[in-house]
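S.K.: Dropping the structure in here first, questions after.
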Amino acid sequence: MLGVREWWRELADLVLPADCAGCGLPRAALCARCEALLHGAGARRVGPLAGPGVLPPVYACLPYADEARAVLLAHKERGALRLAAPLGAALAGAVRAVARARGPADAAAGPLLLVPVPSARRAVAARGHDPVRRIALAAAGRLRRGGCAARVLPVLRQGRPVADQAGLDARGRWGNLAGALDAVAGAGRLLGEGPVVVVDDLVTTGATLAEAVRVLGRCGGRVAGAAVVAVAEAGTGAA
1 MLGVREWWRE
11 LADLVLPADC
21 AGCGLPRAAL
31 CARCEALLHG
41 AGARRVGPLA
51 GPGVLPPVYA
61 CLPYADEARA
71 VLLAHKERGA
81 LRLAAPLGAA
91 LAGAVRAVAR
101 ARGPADAAAG
111 PLLLVPVPSA
121 RRAVAARGHD
131 PVRRIALAAA
141 GRLRRGGCAA
151 RVLPVLRQGR
161 PVADQAGLDA
171 RGRWGNLAGA
181 LDAVAGAGRL
191 LGEGPVVVVD
201 DLVTTGATLA
211 EAVRVLGRCG
221 GRVAGAAVVA
231 VAEAGTGAA
């Protein structure tokens, strides 16, 4: 069920004029060109990513720059909730790339379990929504409509407070995230239902993804890979 804050944002998105979140074209929440950029993005494997953690293959659709960066920030920080659908379409492309790389054996092992990286509670409260979970739900719906069994499994949670990642170098980011995540009760049983794809909106050093993979592996999850909408260069201020 939508909270009052989310409901109001959904309504405002429908009735208030807006400029394109990507390029600023007037009176278009997302213009045709920017939507095509997200929908037509070809996923590619990114890395190697710096740091001491163990990462599975990571696939991203776009560089974190220009229109893609603007759309992600509009969705995450300004609550432009209707952007979850096109961002979910891009994320679905990265998830498909993970599945293709794993081959048909994983396809027969159960539905793809999309595990979103959790946002801190204070961030969710400040934003009024959980952007990664919302994009993951849109991606799972897109995958199912395309004939790929997929569902979102939000089994990760913040285990301790972390500092803002912006401004930290690669070593600082990895140290900041080490041991920061935990799993909800019963996660191990749920994770046994299919191959796991860790999902996030963007990746910089891979510290967050590595911490998620560590926790999921401890719970017995079969992590097939990680999928993100965009990849950022370290030092850009991305989380």
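Under the UniProt record's numbering, the sequence shown has 221 at position 221, and the numbering climbs by one with no breaks. Using N, Cα and C, we set each Cβ at its ideal position, and we do this for glycine too. On a predicted model such as this, the values are computed, not experimentally measured, just so you know.
Per DSSP, which one or two residues make a beta bridge with Tyr-59?
M.R.: For this step, residue 59 is matched to residue 59 along the sequence shown. Tyr-59 pairs with Arg-45, Ala-227.
S.K.: What are the partner residues of Pro-116, as DSSP defines its beta bridges?
M.R.: In the sequence shown, the residue the question calls residue 116 occupies position 116. Answer is Val-199, bridged to Pro-116.
S.K.: Three or more C-beta pairs under 8 angstroms: does that hold for the segment 133-146 against the segment 78-87?
M.R.: Yes, they touch.
S.K.: Assuming Asp-66 is part of the alpha helix (DSSP H), what are its boundary residues?
M.R.: On the sequence shown, position 66 is the one that residue 66 refers to. Counting along the chain, the alpha helix (DSSP H) containing Asp-66 begins and ends at 66-77.
S.K.: Where does Val-196 land, buried or exposed, given buried means 16+ other C-beta within 10 angstroms?
M.R.: Here residue 196 corresponds to residue number 196 of the sequence shown, with the count starting at 1. Answer is buried; the Cβ neighbour count reaches 16.
S.K.: Kindly list the residues whose CB is nearer than 8 angstroms to the CB of Pro-215, restricted to its own chain and excluding five residues on each side of it in sequence; keep chain order.
M.R.: Position 215 of the sequence shown, counted from the start, is the residue given in the question as residue 215. Looking at the sequence provided, one finds Val at residue 215 rather than Pro. Hits under 8 angstroms: Leu-156, Leu-181, Asp-182, Ala-183.
S.K.: Please classify Ala-90: does DSSP put it in a helix, a strand, or coil?
M.R.: In the sequence shown, residue 90 corresponds to position 90, counting from 1. The answer is helix: DSSP assigns Ala-90 an H, G or I state.
S.K.: Label Ala-224 either buried or exposed according to how many other C-beta atoms from any shown protein chain fall within 10 Å of its C-beta, with 16 as the threshold for buried.
M.R.: One-based indexing of the sequence shown puts residue 224 at position 224. With 16 or more Cβ atoms within 10 Å of its Cβ, Ala-224 is classed as buried.
S.K.: Tell me Asp-182's beta-bridge partners as DSSP assigns them.
M.R.: Within the sequence shown, residue 182 is the residue found at index 182, counting from 1. Answer by DSSP bridge pairing, in chain order: Arg-157.
S.K.: By DSSP's criteria, Arg-151 is part of a beta bridge. Which residues make up the other side?
M.R.: Position 151 of the sequence shown holds residue 151. Its beta-bridge partners are Leu-113.
S.K.: Have a look at Ala-18, Gly-42, Pro-104 and flag the residue whose alpha-carbon is nearest the alpha-carbon of Cys-31.
M.R.: Residue mapping note: residue 31 aligns to position 31 of the sequence shown, counting from 1. For Cys-31, the nearest C-alpha among the options comes from Ala-18.
S.K.: Would you tell me roughly how many angstroms separate the C-alpha atoms of Cys-23 and Cys-34, rounded to the nearest one?
M.R.: Here residue 23 corresponds to residue number 23 of the sequence shown, with the count starting at 1. Here residue 34 corresponds to residue number 34 of the sequence shown, with the count starting at 1. Spanning the two alpha carbons is a distance of roughly 7 angstroms.
S.K.: Quick one, are the C-beta atoms of Val-71 and Ala-60 less than 8 angstroms apart?
M.R.: Reading the sequence shown from its first residue, position 71 is the one you call residue 71. Reading the sequence shown from its first residue, position 60 is the one you call residue 60. No, these two residues do not count as a Cβ contact at 8 angstroms.
S.K.: Quick one: Cα of Ala-97 to Cα of Gly-42, how far?
M.R.: Within the sequence shown, residue 97 is the residue found at index 97, counting from 1. Within the sequence shown, residue 42 is the residue found at index 42, counting from 1. So the two alpha carbons sit approximately 9 angstroms from each other.
S.K.: With Pro-131 as the anchor, note down where its alpha helix (DSSP H) starts and where it stops.
M.R.: Your numbering for residue 131 matches position 131 in the sequence shown. Per DSSP, Pro-131 belongs to the alpha helix (DSSP H) from 131-145.
S.K.: Given that a residue counts as buried once 16 or more other Cβ atoms are within 10 Å of its Cβ, and exposed if not, what is Glu-211?
M.R.: Reading the sequence shown from its first residue, position 211 is the one you call residue 211. Burial call: buried.
S.K.: If distances are taken between C-alpha atoms only, which option among Gly-93, Ala-29, Pro-57, Ala-94 comes closest to His-75?
M.R.: Taking the sequence shown and counting its residues from 1, the one referred to as residue 75 is at position 75. Looking at the Cα atoms, Ala-29 is the closest of the given residues.
S.K.: If you draw a straight line from the C-alpha of Leu-209 to the C-alpha of Val-203, how long is it?
M.R.: Along the sequence shown, read from residue 1 onward, the residue named residue 209 stands at position 209. Along the sequence shown, read from residue 1 onward, the residue named residue 203 stands at position 203. Straight-line Cα distance between these residues: approximately 8 angstroms.
S.K.: For Arg-160, which option in Arg-222, Arg-122, Arg-144, Gly-146 has the closest C-alpha, if you only look at C-alpha atoms?
M.R.: Numbered from its first residue, the sequence shown carries residue 160 at position 160. Answer by Cα proximity: Arg-122.
S.K.: Using CA coordinates, which residue listed in Ala-36, Cys-148, Arg-69, Ala-120 is at the minimum distance from Arg-100?
M.R.: Position 100 of the sequence shown, counting from 1, holds the residue named residue 100. Of Ala-36, Cys-148, Arg-69, Ala-120, the residue nearest in Cα terms is Cys-148.
S.K.: One question on the structure: do Val-229 and Leu-62 come within less than 8 angstroms of each other, judged by their Cβ atoms?
M.R.: Stepping through the sequence shown from its first residue, residue 229 is reached at position 229. Stepping through the sequence shown from its first residue, residue 62 is reached at position 62. Their beta carbons are under 8 angstroms apart, which means Val-229 touches Leu-62 by this criterion.
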